[in-house]
Each structure stands twice: as structure tokens, then as C-alpha cells.
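**Q**
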Amino acid sequence: GENVEQHPSTLSVQEGDSAVIKCTYSDSASNYFPWYKQELGKGPQLIIDIRSNVGEKKDQRIAVTLNKTAKHFSLHITETQPEDSAVYFCAASMVQGAQKLVFGQGTRLTINP
Amino acid sequence: GAVVSQHPSWVICKSGTSVKIECRSLDFQATTMFWYRQFPKQSLMLMATSNEGSKATYEQGVEKDKFLINHASLTLSTLTVTSAHPEDSSFYICSAPPGGGADTQYFGPGTRLTVL
Chain E
1 GENVEQHPST LSVQEGDSAV IKCTYSDSAS NYFPWYKQEL GKGPQLIIDI
51 RSNVGEKKDQ RIAVTLNKTA KHFSLHITET QPEDSAVYFC AASMVQGAQK
101 LVFGQGTRLT INP
Chain S
114 GAVVSQHPSW VICKSGTSVK IECRSLDFQA TTMFWYRQFP KQSLMLMATS
164 NEGSKATYEQ GVEKDKFLIN HASLTLSTLT VTSAHPEDSS FYICSAPPGG
214 GADTQYFGPG TRLTVL
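As C-alpha cells, then:
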């Protein structure tokens with residue numbers, strides 16, 4: 001089955017700097033890669049996703065890149081703000097079929113003022 | 114984005130009792146819903162896939178007789194934790210993709226279960 005590895009487990013950056021979180025996946029059949037932000041005591045919130053037919057997607061300060069050959073994808077947050085502090089999860093799934101999401105271990109991002 | 118709600122948001126129960134958690138899609142129909150469990154400082158682990166009008170499918174290691182799932186309608190799935198024990202204490206979260214085979218999943222706010 002699919003296995004998703006996420007790094008780093010914790011990340012601390014100064015406000016205004018950029019943050020990058022990386023994930024690798026094992027199943028080449030996976031073709032959908034969402035990123036979720038989870039604040040303490042809340043459910044995950046979808047922040048951006050990418051499908052395997054594109055290599056990069058951007059939404060304001062957030063971007064995701066995908067390298068299908070290497071089977072890895074990354075989340076980039078620019079101009080970080082204190083409200084970006086949260087736990088971020090990557091996930092992988094196949095669009096067809098059961099659509100089960102397999103999550104990475106999570107990254108606790110702390111933005112220092 | 115689509116909205117998924119859960120009820121209750123938190124519940125405390127005594128060991129041996131049963132607890133029901135509801136998951137509702139508020140502005141879309143969901144033929145499939147997913148139930149996850151999350152322990153403190155850990156990732157989300159899929160427990161089961163809830164299918165409207167048919168039996169749920171459970172992930173390996175999840176006891177189907179302990180975690181009863183009912184997908185009663187296109188907007189409601191319930192998870193019942195039967196004979197709860199302290200080790201069942203966790204954060205339970207549901208998710209649902211909008212109908213039509215869409216891949217995007219929206220998560221509910223979660224339910225914190227504490228078993229005394």
C-alpha cells in the first residue's frame with residue numbers, strides 16, 4: 001500500500017521568512033496530493049492540492065510542487081505570518097477507486113514574531 | 114469549500130458505555146464518508162470508509178463490531194463506539210468528498226472522546 005513520509009517533523013522560522021515542508025510517496029499510482037493545516041483541537045483544513053497532471057500550483061502565499069519521477073512533493077509558504085503556526089499534513093491518494101487518503105506524519109510549524 | 118459538521122464536539126463517558134458521533138455534509142451530498150482517529154501529536158489514521166446504502170469497509174486492525182458505522186442518508190454518517198474503554202479515548206474526525214467521484218475531501222471539526 002501507499003506510504004507517505006513527511007519532513008521535517010518540526011520547523012521554526014522567523015516571521016516573514018519562507019517555510020518548506022517535503023513529502024515523499026511510494027505508490028506511483030497515486031495522483032492526488034492535498035495539503036492540510038490543522039490547528040489545535042480542530043479538524044484539518046484543506047489549504048492547497050495538486051494533481052499529477054501539473055508540476056506546480058500556487059495560491060497567494062502558498063505553493064505546492066510535484067515531482068512525479070522522484071515521487072515527492074513540497075509545500076512552500078512565503079512571507080510567513082504568526083497565524084501560519086499550526087500542524088501541516090501532506091497526503092496522497094488515487095482519484096479513482098476508494099479515494100483513501102494516506103497521510104504523512106505531520107509538521108509542526110512555528111512562526112516566531 | 115464544502116462544509117462538514119460533527120456532533121458532539123466533545124464527549125465524556127464511563128467505561129463500558131456506548132457513544133454515537135454524527136457526521137453531516139451540510140451543503141453537498143456524500144455517497145462516501147471516511148472516519149479517522151487521531152491520537153495526541155500523531156497523524157490521522159483511517160479507520161473505515163462509510164458507504165451510503167451499504168456496509169462500511171474497515172481498515173486492517175479496526176474492530177467492526179466495536180466501531181459501528183451507519184451511513185443512513187446522503188448527508189449523514191454515524192460512528193458508534195460500543196463498550197468504550199479508556200484506550201478508545203481519542204480525537205475522531207470524519208471527512209467527505211463532494212459527490213460525483215471528486216477527489217477533494219473536506220474534514221469535520223472533530224469529536225474529542227474521553228472515556229473514564
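Going down the list, the sequences are from chains E and S. Reminder that position 61 of the first sequence reads as 61 in the numbering used here, one-by-one numbering, no gaps. Reminder that position 86 of the second sequence reads as 199 in the numbering used here, one-by-one numbering, no gaps. Built from N, CA and C at the ideal position, the CB exists for glycine as well. A quick note: this is a predicted structure, and the numbers were derived from the prediction, not measured.
#1: Can the beta-carbon of E/Y36 be found closer than 7 Å to that of E/L46?
#2: According to DSSP, simplified to helix, strand and coil, what is E/E15?
#3: Counting only Cβ pairs nearer than 7 Å, list the residues of chain S close to E/S93.
#4: Output yes or no for whether 7 Å exceeds the beta carbon distance between E/V102 and E/V4.
#5: By the criterion of Cβ-Cβ separation under 9 Å, what are the contact partners of E/G16 in chain S?
#6: Report the rounded CA-to-CA distance for E/T10 versus E/R108, giving the unit in angstroms.
#7: Can you pull the chain E neighbours of S/L159, defined as C-beta to C-beta under 9 Å?
#8: Report yes or no: is there a C-beta of chain S within less than 7 Å of the C-beta of E/Y32?
#9: Check E/D59 in the structure and name its three-state DSSP category.
#10: For E/Q60, which of E/E79, E/T110, E/A19, E/K42 has the nearest alpha-carbon?
#11: State the CB to CB distance for the pair E/S30 and E/A92, rounded to an integer number of angstroms; the pair is presumed to be in contact (CB under 8 Å).
#12: For the stretch 55-73 of chain E against the stretch 182-192 of chain S, are there 3 or more C-beta pairs whose distance is under 8 Å?
#13: Give me whichever residues DSSP pairs with S/H206 in a beta bridge.
#14: Spatial neighbours of S/G223 within its chain, please: CB distance less than 6 Å, with the 5 preceding and 5 following residues excluded, ordered by chain position.
#15: Using the Cα positions of E/D84 and E/A63, report the straight-line distance between them to the nearest angstrom.
#16: Between the C-alpha atoms of S/L157 and S/T144, what's the straight-line distance to the nearest angstrom?
#17: Going by DSSP in three states, S/P199 sits in which element: helix, strand or coil?
#18: Listed from N- to C-terminal order along the chain, which residues in the stretch 29-55 of chain E have their beta-carbon within a distance smaller than 8 Å of any beta-carbon of chain S?
#19: At 3 residues or longer, what runs of the beta strand (DSSP E) sit wholly inside the stretch 28-78 of chain E?
#20: Look at the alpha carbon of E/Y25 and the alpha carbon of E/E2, and state the distance between them as a whole number of angstroms.
#21: Under 8 Å Cβ to Cβ from E/D49, same chain only, skipping five residues before and after it: list those, please.
#22: Assuming S/V175 is part of the beta strand (DSSP E), what are its boundary residues?
#23: If we cut at 7 Å on Cβ distances, does E/G1 have a partner in chain S?
#24: Are S/F220 and E/G43 closer than 7 Å when you measure CB to CB?
#25: Looking only at its chain, what residues have a beta carbon closer than 6 Å to the beta carbon of S/K127, apart from the 5 residues adjacent to it on each side?
**A** Here's the rundown:
#1: yes
#2: coil
#3: D216
#4: yes
#5: Neighbours of E/G16 on chain S: none; closest Cβ ~27 Å, over 9 Å.
#6: 5 Å
#7: K100, L101, V102, F103
#8: yes
#9: strand
#10: E/E79
#11: 4 Å
#12: no
#13: Going by the sequence as given, residue 206 of chain S is Ile instead of His. Paired residue(s): S/Y149.
#14: F204, I206
#15: 14 Å
#16: 21 Å
#17: helix
#18: Y32, P34, Y36, G41, K42, G43, P44, Q45, L46, D49, R51
#19: 32-38, 45-51, 56-59, 62-67, 72-77
#20: 7 Å
#21: Y32, F33, P34, W35, K57, V64
#22: It is not in any beta strand (DSSP E) - S/V175 carries neither H nor E in the DSSP assignment.
#23: no
#24: yes
#25: L229
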